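107 is the number that my numbering gives to position 107 of the sequence shown; each next residue is one higher, with no gaps.
The C-beta atom is built at its ideal place from N, Cα and C for all residues, glycine as well.
Since this is a predicted model, take the numbers as computed values, not measurements.
Structure first, then comments.
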Amino acid sequence: MERTLIIIKPDGVQRSLVGEVIARFERRGLRIAGLKLMHISRALAEEHYAEHKGKPFYEGTVRYMTSAPVVVMVLEGPNAIQAARQTMGKTHPLEAAPGTIRGDFGLDIARNLVHGSDKPETAEREIALYFKPEELVSYQRVTDAWLSE
Ligand code: CDP
Ligand code: MG
1 MERTLIIIKP DGVQRSLVGE VIARFERRGL RIAGLKLMHI SRALAEEHYA
51 EHKGKPFYEG TVRYMTSAPV VVMVLEGPNA IQAARQTMGK THPLEAAPGT
101 IRGDFGLDIA RNLVHGSDKP ETAEREIALY FKPEELVSYQ RVTDAWLSE
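Below you can see the structure in the form of structure tokens.
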């Protein structure tokens with residue numbers, strides 16, 4: 001069982017795609033362990049994207065991520081990190097396959113709708129940035145036994 005941090009970015013919320021995006025992850029079989037609407041502060045965005053500091057797109061990404069509210073969630077399931085990134089599609093929407101979130105709804109790399117953690121260490125770090133431990137809920141769904149052995 002693995003957990004990943006997903007963010008529906010400001011463009012996803014502004015374009016009224018919150019339900020659509022959550023539905024895709026839910027249908028994939030991933031279980032929601034935490035979910036909230038928030039407006040990311042400059043300090044939090046800088047911490048989140050610290051690995052990209054100094055790159056040409058860094059400032060634009062921080063401004064984009066803090067420009068309007070986002071929906072953040074923790075999803076869990078077997079190989080949740082890889083499964084979620086596959087459902088999202090590649091970073092540039094033009095390289096993302098049709099059928100993925102970015103491939104179906106995006107055009108521009110700077111407006112690519114969703115964030116998903118890229119590896120277990122990152123997921124742990126990012127979940128701690130956005131959620132207090134008591135905000136995450138552990139439970140089983142009756143369907144979980146039909147999603148993996
Ligand atoms: O989000 P992902 O892990 O797929 O990509 P990343 O390479 O870690 O980049 C983080 C985010 O920075 C992207 O999702 C874009 O929002 C933004 N970015 C951008 O605006 N222009 C680029 N050339 C690269 C990234
Ligand atoms: Mg990344």
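Query	Result
Please state whether the Cβ-Cβ distance between residue 62 and residue 13 is less than 9 Å.	no
Under 8 Å from any heavy atom of ligand 2, does the C-beta of residue 91 make it?	yes
What residue from 105, 132, 148 has the CA that sits closest to residue 18's CA?	105
Using the three-state DSSP reduction, which class does residue 33 fall into: helix, strand or coil?	strand
Does the distance from the C-beta atom of residue 80 to that of residue 4 stay below 9 Å?	yes
Across the stretch 131 to 148 and the stretch 46 to 58, are there enough close Cβ pairs to call them in contact, namely three or more that are closer than 8 Å?	no
With a cut-off of 8 Å on the beta carbons, I'd call residue 73 and residue 34 a contact; round off their distance for me.	6 Å
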